[in-house]
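Undergrad:
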Amino acid sequence: MITDSHRLQVLYKDERMVAVYKPNNLLVHRTGIDRDRVAAVQLVRDQLAGQWVYPVHRLDRATAGVLLFALDPDAAGKIAAAFREQRVVKRYRAVVRGWIEQGGRVDKPLGRGRRGEGGDPQPAVTEFKPLAWAELPTPVSRYSTARYTCIDLWPRSGRRHQLRRHLKSLSHPIIGDTTHGDSAHNSLFRELFGVWRLMLMATEICLPHPDDAQPIRITAQPDKEWQYVVRQLGIAC
Numbered sequence: 080m081i082t083d084s085h086r087l088q089v090l091y092k093d094e095r096m097v098a099v100y101k102p103n104n105l106l107v108h109r110t111g112i113d114r115d116r117v118a119a120v121q122l123v124r125d126q127l128a129g130q131w132v133y134p135v136h137r138l139d140r141a142t143a144g145v146l147l148f149a150l151d152p153d154a155a156g157k158i159a160a161a162f163r164e165q166r167v168v169k170r171y172r173a174v175v176r177g178w179i180e181q182g183g184r185v186d187k188p189l190g191r192g193r194r195g196e197g198g199d200p201q202p203a204v205t206e207f208k209p210l211a212w213a214e215l216p217t218p219v220s221r222y223s224t225a226r227y228t229c230i231d232l233w234p235r236s237g238r239r240h241q242l243r244r245h246l247k248s249l250s251h252p253i254i255g256d257t258t259h260g261d262s263a264h265n266s267l268f269r270e271l272f273g274v275w276r277l278m279l280m281a282t283e284i285c286l287p288h289p290d291d292a293q294p295i296r297i298t299a300q301p302d303k304e305w306q307y308v309v310r311q312l313g314i315a316c
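The sequence shown begins at 80 in my numbering and counts up by one.
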């Protein structure tokens, strides 16, 4: 039986689809090496009294934010087609190392694997825009202070770990990224704020509705832990 501690916040629901806020460190679905972990698919199904749900996109376990499910096979097919045809727009928010002064675009092909392995690189494009800047009077590595930027991101393709890998290529890795990030800054956040999470969340998804193709916009607000971190940084983000 699902308990209140496992209940996910519903951001949108109608007869064809449902969107929830996925916390960080929650799998979308169980895998062969994570069979004992609770997963979002099971939680949402239980909240809907056992109704079958169909994942139509994925978020990494470490990424929080808007997670969308179809509620029938026809809706799942139509939403999947919208993703393939790039008729779905997703927005993310992140806190990264260093100051990014202006918006831009990363057009850098990526291999299929999360570290770049796994076949020929595939086209991958990410657009970004800085929102706020923070500076802590704490030496990190060879620098006398620690600087951070809160940014919005729009992936125009869907490669594995795309945002994390593209930001690393800009030398602005996402805080809390243990695969592509900066261990010194990750450690600082743990020491100062007691936070081990990846500072990346899916804040918005816009898609054509599977019934009439009218645009649907689903948004999520940052969770309490995220809000605590940015308050400590002295920024609104």
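We put the beta carbon where it would ideally sit given N, CA and C, even for glycine.
How about residue 277 and residue 255: do their beta carbons lie closer than 8 angstroms?
TA: Residue mapping note: residue 277 aligns to position 198 of the sequence shown, counting from 1. Residue mapping note: residue 255 aligns to position 176 of the sequence shown, counting from 1. Cβ distance < 8 angstroms, so residue 277 and residue 255 count as in contact.
Undergrad: So, helix, strand or coil for residue 254, using DSSP?
TA: Translated into the one-based positions of the sequence shown, residue 254 becomes position 175. In this structure, residue 254 counts as coil in the three-state DSSP scheme.
Undergrad: Can you look up residue 169 in the DSSP assignment and give me helix, strand or coil?
TA: As a working note, residue 169 is residue 90 in the sequence shown. Residue state, collapsed to three classes: strand.
Undergrad: Determine the burial state of residue 251: buried for a count of at least 16 other Cβ atoms within 10 Å of its Cβ, exposed for fewer.
TA: Working through the sequence shown from its first residue, we reach residue 251 at position 172. Label assigned to residue 251: buried.
Undergrad: Around the Cβ of residue 108, are there at least 16 other Cβ atoms within 10 angstroms (buried) or fewer (exposed)?
TA: Numbered from its first residue, the sequence shown carries residue 108 at position 29. By the 10 Å Cβ count, residue 108 comes out exposed.
Undergrad: What's the gap between the Cα of residue 234 and the Cα of residue 170?
TA: Translated into the one-based positions of the sequence shown, residue 234 becomes position 155. Translated into the one-based positions of the sequence shown, residue 170 becomes position 91. Approximately 7 angstroms, taken between the alpha carbons.
Undergrad: Which value, in whole angstroms, describes the spacing of the CA atoms of residue 301 and residue 280?
TA: Your numbering for residue 301 matches position 222 in the sequence shown. Your numbering for residue 280 matches position 201 in the sequence shown. So the two alpha carbons sit approximately 8 angstroms from each other.
Undergrad: For residue 309, which residues in the same chain have their Cβ closer than 6 angstroms to its Cβ, ignoring the five residues on either side in sequence?
TA: The residue given as residue 309 occupies position 230 in the sequence shown. Counting only Cβ-Cβ distances below 6 angstroms, and skipping sequence neighbours, we find 316.
Undergrad: Please state if the CB of residue 290 and the CB of residue 95 are separated by a distance shorter than 8 angstroms.
TA: Translated into the one-based positions of the sequence shown, residue 95 becomes position 16. Translated into the one-based positions of the sequence shown, residue 290 becomes position 211. Cβ atoms of residue 95 and residue 290: closer than 8 angstroms.
Undergrad: Using 8 angstroms for Cβ pairs, my map puts residue 105 next to residue 140. What's the rounded Cβ distance?
TA: Numbered from 1 along the sequence shown, position 26 holds the residue referred to as residue 105. Numbered from 1 along the sequence shown, position 61 holds the residue referred to as residue 140. Between residue 140 and residue 105 the Cβ distance is about 7 angstroms, and since that is below 8 angstroms, they are a contact.
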